[in-house]
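Peer 1: Sequential numbering of the sequence shown, starting at 63, is according to the numbering used here. Please find one structure pasted underneath; my questions will follow.
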Amino acid sequence: MRDVVFRNYDRYAIKHLLKEIGEHRLRTECENKHLSFPKRLALFYIEAGDSNTMLKYKYPQKGTWGLMVIDRYDLPDSGWVRVHLQ
63 MRDVVFRNYD
73 RYAIKHLLKE
83 IGEHRLRTEC
93 ENKHLSFPKR
103 LALFYIEAGD
113 SNTMLKYKYP
123 QKGTWGLMVI
133 DRYDLPDSGW
143 VRVHLQ
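Below, the structure is given as structure tokens:
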């Protein structure tokens, strides 16, 4: 069951979450991981696994990166999709 995660691609929920996180906090997390600051809302998604919930971003050239753990923030109730990882 480890290869099953839940993802949320809802732009409204992600936009609300990004406002709650704040630009400074997100920028600091990106700098700590040596990543450029994300620019497109459509490339964000939320992924919930067994241990934690991550805010992820799909960079065009670098692939998908987990930007930060968002367990302590207000997470959306709806819009979750179960995904089997390979």
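Where a beta carbon is used, it is the ideal one built from N, C-alpha and C, also for glycine.
1. Excluding the five sequence neighbours on either side, which residues of its own chain have a C-beta within less than 8 Å of the C-beta of Ile83, listed in chain order?
2. Rounded to whole angstroms, what's the CA-CA distance from Arg144 to His86? Just pull it up for me.
3. Using a Cβ-Cβ cut-off of 8 Å (strictly less than) and excluding sequence neighbours within five positions of Arg89, which residues of its own chain qualify?
4. In the DSSP assignment, the beta strand (DSSP E) including Arg69 goes from what residue to what residue?
5. Taking DSSP as the reference, what is the three-state secondary structure of Lys120?
Peer 2: On the basis of the supplied data:
1. Stepping through the sequence shown from its first residue, residue 83 is reached at position 21. Closer than 8 Å at the Cβ level, and outside the excluded window around Ile83, lie Leu117, Met130, Ile132, Tyr135.
2. As a first step, residue 144 is located in the sequence shown; it is residue number 82 there, counting from the start. As a first step, residue 86 is located in the sequence shown; it is residue number 24 there, counting from the start. Near 31 Å, if we compare the C-alpha coordinates of His86 and Arg144.
3. If you number the sequence shown from 1, residue 89 lands on position 27. For Arg89, where only same-chain residues beyond five positions count, the Cβ hits under 8 Å are Phe99.
4. Within the sequence shown, numbered from 1, the residue matching residue 69 stands at position 7. It spans 66-70 - the beta strand (DSSP E) in which Arg69 sits, taken as one unbroken run.
5. For the purposes of this step, residue 120 is taken as residue 58 along the sequence shown, with counting starting at 1. For Lys120, the secondary structure class from DSSP, reduced to helix, strand or coil, is strand.
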